[in-house]
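Q:
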Amino acid sequence: MEREKRRERELNENQLEGRNAVLEVLRSGRDIEKIMVQKGNVEGTIKRIVAQAAEKGVVIQEVSRQKLDELSQTKNHQGVIALVSAHDYVEVEDILAAARAKGEDPFIILLDGITDPHNLGAILRTAECAGAHGVIIPKRRSVGLNATVGKTSAGAIEYMPVAKVTNLVKTMEQLKKEGLWFACADMGENDHFDTNLKGPIGLVIGSEGEGVSRLVKENCDFTASIPMYGKISSLNASVAAALLMYEIVRQRNYSK
């Protein structure tokens, strides 16, 4: 019973329901993962919510009333539910500034379509332990900093800067101008043990099912593959990320 109550409190902190509550969170400037509105209901207050959300670049998703009813915790959603972040996001420049402040080459993790909150939480935890300067995720086709991510990260969500961007490819192009090279975690010929992962680097990890998308992969400078000796041909995204992150650590700190 206590576990159920704790879970309910946790969810309530990150899910806001009703028109006034959603308008207030939009005014507050708090980071919002997405706002779900009832299909066909774009009149009055809902119209204002949609307009303000669009102005702030918040993802708006139209769903059926049945879907809102299923998700609602208060059973009084009034046609709108907002999912807010468990932690604030940063700008990409903040991540670069963190590297400069430490006098280190940037070490950034880019996640292309990670939708499992447990994987994102585990990646944040490893990134923090490995000394990465930040993580970048896209606004769409990706899980955000929700309560499950926070719990799975074991506290890393408080220390690992996460930026959310509209377009990963454009972000990569901007970071290339800052001197970063991009390594794509992919099945290929370049064994990560033989790949030079030193210097300013962005490590790109793909989604659990699809891997790195074509356009993002085309904008990477090289691939870093993990050798497979068993009958299964791929690793969980968070495990693959951990292995490659620590290969970067090894090459930076223990390789001549």
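The opening residue of the sequence shown carries number 299 in our numbering; numbering runs sequentially from there.
C-beta atoms are modelled at their ideal positions from N, C-alpha and C, and glycine is treated no differently.
Bear in mind that the values here come from a model prediction, so they are computed numbers and not experimental data.
1. Who are the Cβ neighbours of Ile407 in its own chain at under 6 angstroms, not counting the five residues just before and after it?
2. Between which two residues does the beta strand (DSSP E) carrying Gln549 extend?
3. Give the range of the beta strand (DSSP E) segment to which Thr521 is assigned.
4. Which residues does DSSP list as the beta-bridge partners of Lys321?
5. Identify the residues that DSSP records as bridge partners of Gln313: which are they?
6. What are the start and end residues of the beta strand (DSSP E) that includes Pro415?
7. Measuring only the C-alpha atoms, how far is Arg346 from Lys468?
8. What are the start and end residues of each continuous alpha helix (DSSP H) run of 4 or more residues lying completely inside the segment 432–502, in chain order?
9. Between Gly401 and Val390, what straight-line distance do the alpha-carbon atoms span, to the nearest angstrom?
10. Just the Cα atoms here: how many angstroms apart are Ala522 and Leu409?
11. Return the residue from the list Lys354, Gln371, Pro404 and Ala535 that minimises the CA-CA distance to Lys510.
12. What is the C-beta distance between Glu385 and Leu443, in whole angstroms, given that I count them as a contact (C-beta under 8 angstroms)?
13. Residues bridged to Ile333 by DSSP?
14. Do Ala380 and Ile333 come within 7 angstroms of each other at the CB atom, strictly closer than that value?
15. Output the distance between the C-alpha atoms of Glu506 and Lys496, rounded to the nearest integer angstrom.
16. Counting C-beta neighbours from all protein chains within 10 Å, is the total for Asn417 16 or more, i.e. buried, or is it exposed?
17. My assumption, with CB atoms under 8 angstroms, is that Ala428 sits in contact with Met543. Please give the rounded CB distance.
18. Is Gly419 closer than 7 angstroms to Thr450 when the C-beta atoms are compared?
19. Span of the beta strand (DSSP E) holding Ile406?
A: According to the structure shown:
1. Working through the sequence shown from its first residue, we reach residue 407 at position 109. Taken in chain order, the residues that qualify are Ala425, Ala430, Val433 and Leu501.
2. Position 251 of the sequence shown holds residue 549. Boundaries around Gln549 are those of the alpha helix (DSSP H), Ala535 to Tyr552, since no beta strand (DSSP E) includes it.
3. Sequence index remark: in the sequence shown, residue 521 carries index 223 (1-based). From DSSP, the beta strand (DSSP E) with Thr521 extends over Phe520 to Ala522.
4. Position 23 of the sequence shown holds residue 321. Note on identity: in this sequence residue 321 is Leu, with Lys being the wrong assignment. Bridge pairing for Leu321: absent [DSSP].
5. One-based indexing of the sequence shown puts residue 313 at position 15. According to DSSP, which records beta bridges pairwise, Gln313 is partnered with Leu381.
6. Along the sequence shown, read from residue 1 onward, the residue named residue 415 stands at position 117. In the DSSP annotation of this structure, Pro415 is not part of any beta strand (DSSP E); the continuous alpha helix (DSSP H) holding it starts and ends at Pro415 to Ala428.
7. To locate residue 346, count along the sequence shown from 1; it is residue 48. To locate residue 468, count along the sequence shown from 1; it is residue 170. Using only the alpha carbons, I get a separation of about 30 angstroms.
8. Qualifying alpha helix (DSSP H) stretches, in chain order: 445–450 and 466–475.
9. Translated into positions along the sequence shown, residue 401 becomes position 103. Translated into positions along the sequence shown, residue 390 becomes position 92. One C-alpha to the other measures close to 17 angstroms.
10. Mapped onto the sequence shown, residue 522 falls at position 224. Mapped onto the sequence shown, residue 409 falls at position 111. Cα to Cα, the separation comes out at about 15 angstroms.
11. Here residue 510 is taken as the residue at index 212 of the sequence shown, counted from 1. The residue asked about is misnamed: residue 510 is Val in this sequence, not Lys. Comparing Cα-Cα distances from Val510 to each of Lys354, Gln371, Pro404 and Ala535, the minimum goes to Ala535.
12. Walking along the sequence shown from the start, residue 385 turns up at place 87. Walking along the sequence shown from the start, residue 443 turns up at place 145. The sequence as given places His at residue 385; Glu does not occur at that position. About 5 angstroms; that satisfies the 8 angstroms criterion.
13. Position 35 of the sequence shown, counted from the first residue, corresponds to residue 333. According to DSSP, Ile333 bridges with Ile358 and Ala380.
14. The residue labelled residue 333 in the question sits at position 35 within the sequence shown. The residue labelled residue 380 in the question sits at position 82 within the sequence shown. The criterion of a C-beta distance shorter than 7 angstroms is satisfied by Ile333 and Ala380.
15. Here residue 506 corresponds to residue number 208 of the sequence shown, with the count starting at 1. Here residue 496 corresponds to residue number 198 of the sequence shown, with the count starting at 1. Cα atoms of Glu506 and Lys496: separation of roughly 26 angstroms, rounded to the nearest angstrom.
16. Counted from its first residue, the sequence shown places residue 417 at position 119. Classified as buried, Asn417 has 16 or more neighbouring CB atoms from the shown chains inside 10 Å of its CB.
17. Within the sequence shown, numbered from 1, the residue matching residue 428 stands at position 130. Within the sequence shown, numbered from 1, the residue matching residue 543 stands at position 245. Between Ala428 and Met543 a beta carbon distance of about 4 angstroms is seen, short of the 8 angstroms cut, so the two are scored as contacting.
18. Taking the sequence shown and counting its residues from 1, the one referred to as residue 450 is at position 152. Taking the sequence shown and counting its residues from 1, the one referred to as residue 419 is at position 121. Going by C-beta atoms, Thr450 is nearer than 7 angstroms to Gly419.
19. Counting from one through the sequence shown, the residue named residue 406 turns up at place 108. Its beta strand (DSSP E) spans residues Phe405 to Asp410.
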